[in-house]
Amino acid sequence: NAGVTQTPKFRILKIGQSMTLQCAQDMNHNYMYWYRQDPGMGLKLIYYSVGAGITDKGEVPNGYNVSRSTTEDFPLRLELAAPSQTSVYFCASSSGLAGGLSSYEQYFGPGTRLTVT
Amino acid sequence: AQSVSQHNHHVILSEAASLELGCNYSYGGTVNLFWYVQYPGQHLQLLLKYFSGDPLVKGIKGFEAEFIKSKFSFNLRKPSVQWSDTAEYFCAVTKYSSASKIIFGSGTRLSIRP
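Note that the protein sequences, when read in sequence, are chains S and Z.
Counting from 863, one number per residue, gives the positions in the first sequence under the working numbering.
Counting from 598, one number per residue, gives the positions in the second sequence under the working numbering.
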């Protein structure tokens, strides 16, 4: 299994540009998440999904959009990029099956380092 | 609202020293607790987790953590650190039976002097 994969690894955007960060998992996990990691701030949840067709906002959703058309993919869309969105973005997944001890463990992708100038 | 506090932002130790990283959470109900580690240039991976039962949890690479419910704490310990333990460590909490939202602490950077 490849686990959780993310593309691209690095990207530089100009202010006002748009882009989509790709995330895919091959573990048949129900739950998927997007986080941003800023220095000294830990991880902040942007959006999450509990299954195909179902998404919900996390702690810092403004400026982002997501969709979940399949179990495997969970792309994150940035519209009108701003310097405040400069960060490292991590995608994660978990099985989310009720009652299983392993269901809450999140598996993380390698991250995408985004710079907006 | 749930929150997780890691009071040590940067800890510097010599090899073979003992380690304890603090983690406190604010949530009155039953919780699941985690420690994740991020080695330089790598993604986060699970170090250990607590769901129920024995409050002393053992994880990978000789790490352990103790859940003290009365103190809302889940401190990470290791009796003797190695240079390879240099990494950033994140404590996280989620409401029991909820896999949808995990709240992460701000992280503690651990530097080990060889």
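Cβ coordinates follow ideal geometry from the N, Cα and C atoms, glycine included.
- Contacts with chain S (Cβ-Cβ distance below 7 Å) from the segment 612-641 of chain Z involve 629, 640 and 641, listed in chain order.
- Among the CB atoms of chain S, none fall inside 8 Å of the CB of residue 604 of chain Z.
- Chain-ordered listing is empty here: chain Z has no CB closer than 8 Å to the CB of residue 894 of chain S, the nearest sitting near 11 Å.
- Looking at the DSSP output, residue 689 of chain Z sits in a beta bridge with Z:631 and Z:701.
- Non-local C-beta neighbours of residue 899 of chain S in its own chain, meaning closer than 7 Å and more than five positions away in sequence, comprise 905, 949, 950 and 952, ordered along the chain.
- The three-state reading of DSSP puts residue 668 of chain Z in helix, counting H, G and I together.
- Rounded to whole angstroms, the Cβ separation of residue 689 of chain Z and residue 601 of chain Z is 7 Å, and the two are in contact under 8 Å.
- If you compare the alpha carbons of Z:614, Z:612, Z:609 and Z:621 with that of residue 702 of chain Z, the shortest gap goes to Z:621.
- For residue 937 of chain S, the closest Cβ of chain Z is not nearer than 8 Å.
- Distance between residue 667 of chain Z and residue 626 of chain Z, taken at the CA atoms: about 12 Å.
- For residue 678 of chain Z, there is no enclosing beta strand (DSSP E), as DSSP marks it with neither H nor E.
- Of the other Cβ atoms in all chains shown, 16 or more fall within 10 Å of the Cβ of residue 603 of chain Z; this residue is therefore buried.
- A Cβ-Cβ distance of about 19 Å is found for the pair residue 907 of chain S and residue 915 of chain S, leaving them out of contact under the 8 Å criterion.
- One thing to note: residue 669 of chain Z has its Cβ within 8 Å of the Cβ of residue 623 of chain Z.
- If you ignore the 5 residues before and after residue 631 of chain Z, its C-beta comes within less than 6 Å of the C-beta of 646 and 689, all in its own chain and listed in chain order.
- Between residue 673 of chain Z and residue 618 of chain Z, the beta carbon gap of about 4 Å places them in contact (Cβ cut-off 8 Å).
- Just measuring C-alpha positions, the residue of S:912, S:958 and S:865 sitting nearest residue 641 of chain Z is S:865.
- Listed in chain order, the non-local C-beta contacts of residue 880 of chain S below 8 Å within the same chain comprise 939, 940, 941, 942 and 943, local neighbours out to five positions each way being set aside.
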